[in-house]
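To start, the structure itself, in structure tokens.
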Amino acid sequence: MPTPTVELLDPIVLISIGIALVAFEALFFSFFVFWFGVASIIVGVMSYAINFSDGLWQICSIAIIAMVLLVVLRAKALDRFMRAKTREPNDDFLNTSGSGIIKDGKVYFKATYWNISSDDDFTQGEKVHVVSTKGATAVVQKTKETK
Numbered sequence: 001m002p003t004p005t006v007e008l009l010d011p012i013v014l015i016s017i018g019i020a021l022v023a024f025e026a027l028f029f030s031f032f033v034f035w036f037g038v039a040s041i042i043v044g045v046m047s048y049a050i051n052f053s054d055g056l057w058q059i060c061s062i063a064i065i066a067m068v069l070l071v072v073l074r075a076k077a078l079d080r081f082m083r084a085k086t087r088e089p090n091d092d093f094l095n096t097s098g099s100g101i102i103k104d105g106k107v108y109f110k111a112t113y114w115n116i117s118s119d120d121d122f123t124q125g126e127k128v129h130v131v132s133t134k135g136a137t138a139v140v141q142k143t144k145e146t147k
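Read in the numbering used here, the sequence shown has 49 at position 49, and its numbers run on one by one without any break.
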């Protein structure tokens, strides 16, 4: 019985298939197809240095490398991408300190008028230090500069 043979695949074709599989992974986000794409790229590059006798050896090499990468790296990659996906952005722009100006009985800070939370008396145009903000109220302190 003759042994089955497969025509030798061109390295450019293997690299192209690998790139297509890596791009195709964006549709699934399962990290299975990705590793076969990476393995195909690796075998495509290896085909320039190693003379494979048969295309079947190229396909088997892709399968073996993909399985090794899948077992070793899939969990780490999935964890890293899922962790990055669940991180919330730090949008605490308004709850910071800085300097403001008293206008119309309120403090003008970060392009917003805030109610004043302080025991001190302030005059119109006085520069103050905003310690923090919460809701529509700003905690302010007097500074030595005046306008």
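Backbone N, C-alpha and C fix where the C-beta goes; we use that ideal spot for every residue, glycine too.
Computed from a predicted model, the values in this text were never measured in an experiment.
Gly125 is positioned such that its CB atom lies closer than 8 Å to that of Ile101.
Here Val43 really is in contact with Ile65; their C-beta atoms are around 7 Å apart, less than 8 Å. Put simply, of Gly37, Phe28, Phe31 and Arg83 the residue whose alpha carbon is nearest the alpha carbon of Leu21 is Gly37. Straight-line measurement puts the Cα of Ser40 at about 15 Å from the Cα of Phe31.
For Ser47, the enclosing alpha helix (DSSP H) stretches over residues Val33 to Ala49. In this model, Phe81 and Ser97 are separated by some 34 Å (Cα to Cα).
Secondary structure of Gly18 (DSSP, three-state): helix.
Looking only at Phe109, Asp54, Lys103 and Ile59, the smallest Cα-Cα distance to Asp121 is reached by Lys103.
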